Every structure is written in structure tokens, then in C-alpha cells.
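Undergrad: Residue 73 in the numbering used here sits at position 70 of the sequence shown; the count goes up by one each step and never skips. Note that beta-carbon positions come from the ideal geometry of N, C-alpha and C, so glycine has one too. Here the structure is a predicted model, which means the values were calculated and not measured.
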Amino acid sequence: MVQSLKTERNILKMKKWTVQDRYGNMIYMTEERWNHILESRPELEPFLDEFLETIRTGRRRQDALIPNEYRYYKQFDELLPDNNHLVTVVIFKTRVDDAGNYVRNNFVVTGWAKSIILKR
4 MVQSLKTERN ILKMKKWTVQ DRYGNMIYMT EERWNHILES RPELEPFLDE
54 FLETIRTGRR RQDALIPNEY RYYKQFDELL PDNNHLVTVV IFKTRVDDAG
104 NYVRNNFVVT GWAKSIILKR
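(1) Restricting to Cα atoms, I'd like to know which of 81, 31, 114 and 32 is closest to residue 74.
(2) Does the beta carbon of residue 58 sit closer than 7 angstroms to a beta carbon anywhere in chain D?
(3) If the criterion is Cβ atoms closer than 7 angstroms, does the pair residue 31 and residue 79 meet it?
(4) By Cβ distance, which residues of its chain are closer than 6 angstroms to residue 57, with the 5 residues on each side in sequence left out?
(5) How would you label residue 67, buried or exposed, when you count the other beta carbons within 10 angstroms and need 16 or more for buried?
(6) For a quick check, are the C-beta atoms of residue 34 and residue 18 less than 7 angstroms apart?
(7) Classify residue 36: buried if its beta carbon has 16 or more other beta carbons within 10 angstroms, exposed otherwise.
(8) Give the range of the beta strand (DSSP E) segment to which residue 55 is assigned.
(9) Given a cut-off of 7 angstroms on the beta-carbon distance, is the pair residue 51 and residue 22 in contact?
(10) Would you mind sorting residue 120 into buried or exposed? The rule is 16 or more other CB atoms within 10 Å of its CB.
(11) For a test of the three-state rule: what should DSSP assign to residue 66, helix, strand or coil?
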């Protein structure tokens, strides 16, 4: 019981960034997910705003096997010479709120930098 209260308090203190994508969906990224990205890719720490911009204005592709998972892509020259795009994975879900209503719960799972050569 004490452990669950501590966990609940930590969750309430956690930062959360919410943005709207170009399709009108509200999507959030928690501090926990941002730290998850940085655990294996610490060089991306200066690019938080670019990750959020990727969700706001980037293109997206739906996963063929997981239909509620989308990958958002956006090009950033600041990533050169090793990479040129940021990729952010978003899960689209619904949840039941305290009043018993279904509400959207769209959130970032992970992200990385990648070199992508666009087909013309």
C-alpha cells in the first residue's frame, strides 16, 4: 500500500508534454518515456523540441501488424551527418475516465534518429 502511494505521487509529479498532430489528435509524451529514449540514445537529449515537432507536423505511417501504432517521421538537418530524420512511435488508445466516459489516450512509446533516403 505504501509503495503504491509513492508510485502514484511520482506519477503525479512527472512532466508531460502534449501536442496536437496535423490530423487533430492530441498526443502526449511523459518524462518517463523521454528518459527511456535517452537511456539508449543520450545524444538526442538536445532534441526534445524536435521530437514534439515531429508529432505536430511530421508525416506518419500506420504499423501493418499493430493498427493502433503509428510512426511519425520528420527531417531535421541538425541531425546530420549521421542521421537526417527523427522517428517517434505513438500508440492510439482510449481509456475510461473517472466519470466513466471513454476518452482518447494517445501517447509516445519511443523514438530515435535515423537516416532516411526519400524515394522520388
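TA: According to the structure data:
(1) Residue 74 has its Cα closest to that of 114, out of 81, 31, 114 and 32.
(2) Looking for chain D here will not work: only one protein chain is present.
(3) Residue 31 places its beta carbon 7 angstroms or farther from that of residue 79.
(4) Within the same chain, residue 57 has close Cβ partners 75, 77, 89 and 91.
(5) Residue 67 counts as exposed, since fewer than 16 other C-beta atoms from the protein chains shown sit within 10 angstroms of its C-beta.
(6) Here residue 34 is near residue 18, since their CB atoms are less than 7 angstroms apart.
(7) Note on residue 36: 16 or more other CB atoms within 10 angstroms of its CB, so buried under the neighbour-count rule.
(8) Element bounds for residue 55: not the beta strand (DSSP E) but the alpha helix (DSSP H), 51-60.
(9) Judged by beta-carbon spacing, residue 22 lies beyond the 7 angstroms limit of residue 51, meaning their Cβ atoms are not closer than that value.
(10) Exposed.
(11) Residue state, collapsed to three classes: coil.
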